[in-house]
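Structure first, commentary second.
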Amino acid sequence: MKTVFSESPLLQAEGIEKRFGRVHACNDVSLDLYPGEVLGIVGESGSGKTTLLNILSGRIEPEAGVVEYAVREGGMRDVHQMGAAERRMLMRTDWAFVHQNPRDGLRMNVSAGGNVGERLMAVGARHYGQIRDTAVDWLQKVEMEAGRIDDLPRTFSGGMQQRLQIARNLVTRPRLAFMDEPTGGLDVSVQARLLDLLRGLVGDLGLAAIVVTHDLAVARHLSHRLAVMRRGEVVETGLTDQVLDDPQHPYTQLLVSSILKA
Amino acid sequence: MTAVQSETPRAEADSGYNFAYLDEQTKRMIRRAILKAVAIPGYQVPFASREMPMPYGWGTGGVQVTAAVIGSDDVLKVIDQGSDDTTNAVSIRSFFVRTTGVETTEKTRDATLIQTRHRVPETPLSEDQILVYQVPIPEPLRFLEPRETETRRMHALEDYGLMHVKLYEDIAHHGHIATTYAYPVKVAGRYVMDPSPTPKFDNPKMNHSPALQLFGAGREKRIYAIPPHTEVVSLDFEDHPFEVQQWDNACALCGATDSFLDEVIMDDAGKRMFVCSDSDYCEERRAAGHVGEEGVPL
Chain A
1196 MKTVFSESPL LQAEGIEKRF GRVHACNDVS LDLYPGEVLG IVGESGSGKT TLLNILSGRI
1256 EPEAGVVEYA VREGGMRDVH QMGAAERRML MRTDWAFVHQ NPRDGLRMNV SAGGNVGERL
1316 MAVGARHYGQ IRDTAVDWLQ KVEMEAGRID DLPRTFSGGM QQRLQIARNL VTRPRLAFMD
1376 EPTGGLDVSV QARLLDLLRG LVGDLGLAAI VVTHDLAVAR HLSHRLAVMR RGEVVETGLT
1436 DQVLDDPQHP YTQLLVSSIL KA
Chain B
19 MTAVQSETPR AEADSGYNFA YLDEQTKRMI RRAILKAVAI PGYQVPFASR EMPMPYGWGT
79 GGVQVTAAVI GSDDVLKVID QGSDDTTNAV SIRSFFVRTT GVETTEKTRD ATLIQTRHRV
139 PETPLSEDQI LVYQVPIPEP LRFLEPRETE TRRMHALEDY GLMHVKLYED IAHHGHIATT
199 YAYPVKVAGR YVMDPSPTPK FDNPKMNHSP ALQLFGAGRE KRIYAIPPHT EVVSLDFEDH
259 PFEVQQWDNA CALCGATDSF LDEVIMDDAG KRMFVCSDSD YCEERRAAGH VGEEGVPL
């Protein structure tokens, strides 16, 4: 499978450790992510998935371990040793972060167009007409009406807010997206549409992504590879079909067998 | 500005107060903040703002800055919305007369120190003048980002994209940049600064001004500055460039077409007149023989 992707990893994590008091949120977690690859992290609530995502994206410091990212200029850079300015630049150009709750990722008092344009303006776009054209283009890419460009996000439904958040994040054509339960809190039909959209975008843009989810259906639909977490440890990794259809670890077997068959 | 050691108040000042009301230690503390502000143009320097004998919002920041830089040989002018004779200007002027005994003037040219609320005088300033602004909200990013920790980080990292989001929103909703006052500027190519609630009409006057410009925010405890001859650029878009306000009318009293005009409602039948907001500028023009539509020769 790896041969499909580029030879050198985009993101590499080695021996990540994080405790919150007596709780071991991440225990010696190591993983690689290759360009264009989607890695799903699954596991029950409290298994350390979100903590791991936050560490990988530089949002919280690990107690031990290294996270390295292949920057556009070439070479691997330690995400946690970077200066705040450089990390911020990465956050708004090369990376995307999609929150479970769109309210955390959107500016609710700024119009849809302003939300999509913010990253462009942050990296120096100073032509109103062009920013607006790009915003219209992206709204259409995420299946929103261009006519709603000047509406505030709070007038949108949950699914639309989530799609707006995705447009806002992908407008600078990042290479890596971090997604924390991107379909959580949406009803099933909206979830399905969003998943189709995400899969299409990931394919079109050649985007690599790390998707944290407790929903195995989402994981199966989106990801190429899976990592199963339990109590801060990665208990099983492998190709998605392989992990879900032939689980080896008892916990993965339990997880797979607990899905209700419709 | 010569007050390194304590100034002796003139005979006409009230005895019982230190020169310019504040004690010497406080003035030194404020001067240190001012020096830092001048050294880093546009950067907001925190300072230990004192309680002043006036409410917040009446110019406590400007008054403290003025008190820290005023000397007994200064000539003081105080303006409020461009005018020398409105409440705020009159009371601050009399405050400094009572606590310092300095000479005051209404003439922009004669003043060495000008404290202002909302306007930059129309008469060009010179190198031996200091302009002190009263500032209510020093943080240009405040209405976009409520967290002080975050706005400070944004200034530190020069992360000013959000400022353009505000201007983008203006154009999206109004078709043009509708911000008319407190219009954000970039100072010396680095810090984005809120030029206090002055109308954007005055922004070009701040650019490369020969006078030292000091900004004091009393409630928010911040001082910032534009040193003389510093570049001050109003933010804009390439296809929506910065523009100042324009009026269809000339000043009804002096006929000026190049000054900031106030709209004055004359009766309850919709009659109105436009007059210069800078009262000294208007007077000067009228004294030089200019007469507007409704003016009479002086």
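Protein chains in written order, with the working numbering: chain A, 1196 to 1457; chain B, 19 to 316. Don't be surprised by glycine CBs; every beta carbon is placed ideally from N, CA and C.
Beta carbon proximity, residue i to chain A, threshold 7 Å
| i | result |
| --- | --- |
| VAL203 (chain B) | no |
| ASP298 (chain B) | no |
| LEU230 (chain B) | no |
| VAL250 (chain B) | no |
| VAL83 (chain B) | no |
| VAL63 (chain B) | no |
| VAL210 (chain B) | no |
| HIS182 (chain B) | yes |
| ARG303 (chain B) | no |
| LEU143 (chain B) | no |
Residue range of the unbroken beta strand (DSSP E) whose run includes residue i
| i | result |
| --- | --- |
| TRP1290 (chain A) | 1290-1293 |
| ALA1265 (chain A) | 1259-1265 |
| CYS300 (chain B) | That residue, CYS300 (chain B), is in no beta strand (DSSP E); its alpha helix (DSSP H) goes 297-305. |
| ALA243 (chain B) | 240-244 |
Residue i: contacting residues in chain A (beta-carbon distance under 8 Å)
| i | result |
| --- | --- |
| ILE241 (chain B) | Those within 8 Å of ILE241 (chain B) in chain A number zero; the least Cβ separation is about 26 Å. |
Interface flag, residue i vs chain B, CB-CB below 7 Å
| i | result |
| --- | --- |
| MET1286 (chain A) | no |
| GLY1308 (chain A) | yes |
| ARG1283 (chain A) | yes |
| ARG1363 (chain A) | no |
| ALA1280 (chain A) | yes |
| VAL1305 (chain A) | yes |
Delimiting residues of the alpha helix (DSSP H) encompassing residue i
| i | result |
| --- | --- |
| ASP1436 (chain A) | 1435-1440 |
| GLN82 (chain B) | 78-87 |
| MET1271 (chain A) | MET1271 (chain A) -> not in any alpha helix (DSSP H); beta strand (DSSP E) instead, spanning 1271-1273. |
| THR1245 (chain A) | 1244-1251 |
| HIS173 (chain B) | 166-174 |
| ASP1399 (chain A) | 1383-1400 |
| GLU281 (chain B) | Looking at the DSSP string, GLU281 (chain B) is not in any alpha helix (DSSP H); the run it does join, the beta strand (DSSP E), is 279-283. |
Spatial distance of residue i from residue j (CA atoms)
| i | j | result |
| --- | --- | --- |
| LEU316 (chain B) | THR44 (chain B) | 46 Å |
| THR1378 (chain A) | GLU69 (chain B) | 53 Å |
| HIS182 (chain B) | GLN1443 (chain A) | 53 Å |
| VAL1451 (chain A) | VAL1430 (chain A) | 14 Å |
| ARG1254 (chain A) | ALA1265 (chain A) | 17 Å |
| LYS1336 (chain A) | SER1203 (chain A) | 30 Å |
| ALA306 (chain B) | ASP92 (chain B) | 27 Å |
| VAL1262 (chain A) | PHE1351 (chain A) | 37 Å |
| ARG1214 (chain A) | ASN1222 (chain A) | 8 Å |
| GLY1427 (chain A) | ALA1279 (chain A) | 27 Å |
| LEU1449 (chain A) | GLN1437 (chain A) | 15 Å |
| LEU1301 (chain A) | ARG1314 (chain A) | 12 Å |
| THR118 (chain B) | ALA129 (chain B) | 15 Å |
| ARG1420 (chain A) | LEU1234 (chain A) | 5 Å |
| THR1367 (chain A) | ARG1287 (chain A) | 8 Å |
| GLY1216 (chain A) | LEU131 (chain B) | 59 Å |
| PRO1445 (chain A) | ALA1422 (chain A) | 14 Å |
| GLY1238 (chain A) | PRO164 (chain B) | 36 Å |
| GLU1338 (chain A) | ARG1358 (chain A) | 8 Å |
| THR1329 (chain A) | PRO217 (chain B) | 32 Å |
| ARG49 (chain B) | ALA86 (chain B) | 6 Å |
| GLU42 (chain B) | ARG111 (chain B) | 21 Å |
| LYS289 (chain B) | GLY313 (chain B) | 16 Å |
| LEU175 (chain B) | GLU261 (chain B) | 28 Å |
| PHE336 (chain B) | CYS300 (chain B) | The displayed coordinates of chain B run from 19 to 316. Any statement about residue 336 (chain B) would go beyond what the structure contains. |
Residue i: contacting residues in chain B (beta-carbon distance under 8 Å)
| i | result |
| --- | --- |
| ASP1345 (chain A) | ALA190, HIS191 |
Within chain A, partners of residue i - CB distance below 7 Å
| i | result |
| --- | --- |
| GLY179 (chain B) | GLU1313, MET1316, ALA1317 |
| LEU175 (chain B) | ALA1279, ALA1280, ARG1283 |
Contacts that residue i makes with chain B (C-beta to C-beta distance below 7 Å)
| i | result |
| --- | --- |
| TYR1323 (chain A) | TYR186, ILE189, PHE255, ASP257, HIS258 |
| ARG1326 (chain A) | It should be noted that the sequence gives Ile, not Arg, for residue 1326 (chain A). Ordered by position in chain B, the residues that pass the 7 Å Cβ test against ILE1326 (chain A) are TYR186. |
Contact set between residue i and chain A, taken where Cβ atoms lie within less than 9 Å
| i | result |
| --- | --- |
| HIS226 (chain B) | By Cβ distance, chain A contributes nothing, its closest Cβ being about 22 Å from HIS226 (chain B), past 9 Å. |
Any chain C beta carbon closer than 7 Å to residue i
| i | result |
| --- | --- |
| LEU159 (chain B) | In the structure shown, chain C cannot be found, because the protein chains are A and B. |
- request: Report yes or no: do the stretch 201-213 of chain B and the stretch 58-74 of chain B share at least 3 C-beta pairs separated by less than 8 Å?
  value: yes
task: Pair every Cβ in the stretch 1399-1416 of chain A with every Cβ in the stretch 1344-1363 of chain A, then say whether three or more of these pairs are closer than 8 Å.
output: no
- prompt: For the stretch 136-151 of chain B against the stretch 227-237 of chain B, are there 3 or more C-beta pairs whose distance is under 8 Å?
  reply: yes
message: Across the stretch 124-139 of chain B and the stretch 75-92 of chain B, are there enough close Cβ pairs to call them in contact, namely three or more that are closer than 8 Å?
response: yes
- prompt: Looking at C-beta atoms only, is the number of pairs between the stretch 242-255 of chain B and the stretch 181-198 of chain B that lie closer than 8 Å three or more?
  reply: yes
message: Check whether the stretch 290-300 of chain B and the stretch 266-276 of chain B are in contact - that is, three or more C-beta pairs closer than 8 Å.
response: yes
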